[in-house]
Every structure is written in C-alpha cells, then in structure tokens.
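Student:
In my numbering, the protein residues as written are 23 to 170.
#1: Quick one: grab the DSSP three-state call for residue 158.
#2: Give the DSSP bridge partners of residue 95, in chain order.
#3: Using 8 Å for Cβ pairs, my map puts residue 30 next to residue 69. What's the rounded Cβ distance?
#4: Using the three-state DSSP reduction, which class does residue 29 fall into: helix, strand or coil?
#5: Using CA coordinates, which residue listed in 56, 121 and 96 is at the minimum distance from residue 77?
#6: Alpha carbon to alpha carbon, how far is residue 59 from residue 96?
#7: Pull up the distance between the alpha-carbon of residue 169 and that of residue 157, whole angstroms please.
#8: From what residue to what residue does the alpha helix (DSSP H) around residue 76 run?
#9: Would you call the CB atoms of residue 52 and residue 155 closer than 8 Å?
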C-alpha cells in the first residue's frame, strides 16, 4: 500500500545533543524534531533543507546525510494513515544558540504562523521524550554512532 504522504525528519546534532522543539501555544503537543511534507516534484533532501529552515530559521547547507526511510502508521479519525519518513541528519555549528523561539510562517493548514521553542536534549533523553514516533530512528545503530 503506498503511503498517504512523503515526509522528512531532520535530526540535527550539536555535540552529543539533538535539536528538538515544542509548541508553547499548544502545550499538549509532544516534543518533535524538525520535519514536514515533501512537496510535489521536490527531492527529499531539498524538502529537508526547506523544512529545517522554515521550522528553525537556520540554514545549514553542509554536513547533511540521508539514512533511508521508514513507514510510520497511525490512526486518525478512525482510519489508518501511513507516512513514509525520509530520515536525515545534519551537524550544527557550535555557535548555534542553546535555545530560541522561531515562528513558522508557512503552517501546514495555511493559516496563522506556529511558534516553536527550540532547544537541545541529550540523545538518551530525546529517546524518552519525543512524540509521534520520532524517537524510533534514534534506536537505529547509525544514530547511536551519530550521537555518541
């Protein structure tokens, strides 16, 4: 069965820590990593870079790696939804702030912007804290090595 959507997830590292965000205006939404939908005709790497910039305000143009894809299924309104997630890592510079706020101007529903609070967590803490299945790739051997 083909996926309902093609997505990208970006696991950004500074030292041994991973970049995550929450949504202060929506405290019930779990912690996430940057990511989003691949637009029609867009490559996965270009979608990853675009989504990363939209959600963080950062423009890292080097040190990107793709680590394949994984399907993630969940229930929504009584139906099973399938997303194919293309998984990327990127190394961030040491001068990246410890935490900051950023407003995504292009929300997925086309309405008002979404405010993100971005900060870093240790890899082990991220494996326990991320939501929406975003913790799953962190168990892959390549990620254990990346965040060691």
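Note that the Cβ used here is the ideal one computed from N, Cα and C, for glycine as well.
Tutor: In short, the structure shows the following:
#1: helix
#2: 104
#3: 5 Å
#4: strand
#5: 56
#6: 16 Å
#7: 13 Å
#8: 66-78
#9: no
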